[in-house]
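Structure first, then comments.
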Amino acid sequence: MNNLQFDFTIDKTAKTVYITRAFDAELSLVWDAFTKAEILDQWVAPKPWTSKTKFMDFTVGGRRFYAMVSPEGQERWAIQKYTSISPKTNFKMLNAFADKDENPELPGSEWDYTFSEQNSLTKVSITIYNESLDRLEKMIEMGFSEGFKMSMTNLENLLETLSKK
């Protein structure tokens with residue numbers, strides 16, 4: 169186990185999840201891992217699940233529509249709408265579960281990603297604000313924190329591989 173920073177805090181009063189994670193990789197590579205579907209799909213799903221992006225338009229007002237797919241083939245769809253992008257620094261999006269026809273299940277959550285580089289480490293800070301406490305609790309019940317931690321490990325391993333190329 170490495171000693172890279174990883175903080176994961178759930179504040180139910182604020183209906184917010186705060187995550188900070190450091191990676192031993194260049195900022196541009198980490199940014200691409202969060203903003204390019206072909207890389208995102210390689211790490212974002214906690215194993216044994218996989219991620220399948222149907223489409224992704226990483227522009228302000230653009231969207232990503234994707235599914236988390238179970239080993240049995242069960243699909244859990246979600247839609248993300250990008251509301252703000254400052255290249256290699258920050259992006260914000262609205263995220264909602266959806267059905268296979270892109271109809272969102274509201275309420276959703278607001279995700280705010282901030283990227284910074286220091287001493288060849290890239291730090292990603294993520295704030296996830298949920299409109300409703302029920303949705304936050306549903307995320308927790310679905311194993312969000314465990315799944316997210318597994319995804320971060322997947323990303324770390326993928327970045328190590330990509331950094332060597």
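Residue numbering for the sequence shown follows our numbering, starting at 169 and increasing by one per position.
Every residue, glycine too, gets a C-beta built ideally from N, C-alpha and C.
When the alpha-carbon of T184 is set against those of F312, L326, S254, L197, the nearest one is in F312.
Residue pairing for R231: DSSP places it in a beta bridge opposite K249. Under the three-state reduction of DSSP output, A264 falls in the strand class. In the assembly as shown, T203 is a buried residue. Its beta-carbon has 16 or more other beta-carbons within 10 Å. Here L330 carries a helix assignment [DSSP, helix/strand/coil]. Judged by DSSP in its simplified three-state form, K183 adopts coil rather than helix or strand. Membership of K220 in the beta strand (DSSP E) is indicated by the continuous run 218 to 224. With 16 or more neighbouring CB atoms inside 10 Å of its own CB, G276 falls in the buried class. Selection L172, L327, K180 evaluated against K306 yields K180 as nearest (Cα-Cα). Bridge partners of R244 according to DSSP: M236. Under the criterion of beta carbons closer than 8 Å, E285 and L172 do not qualify as touching, at roughly 14 Å.
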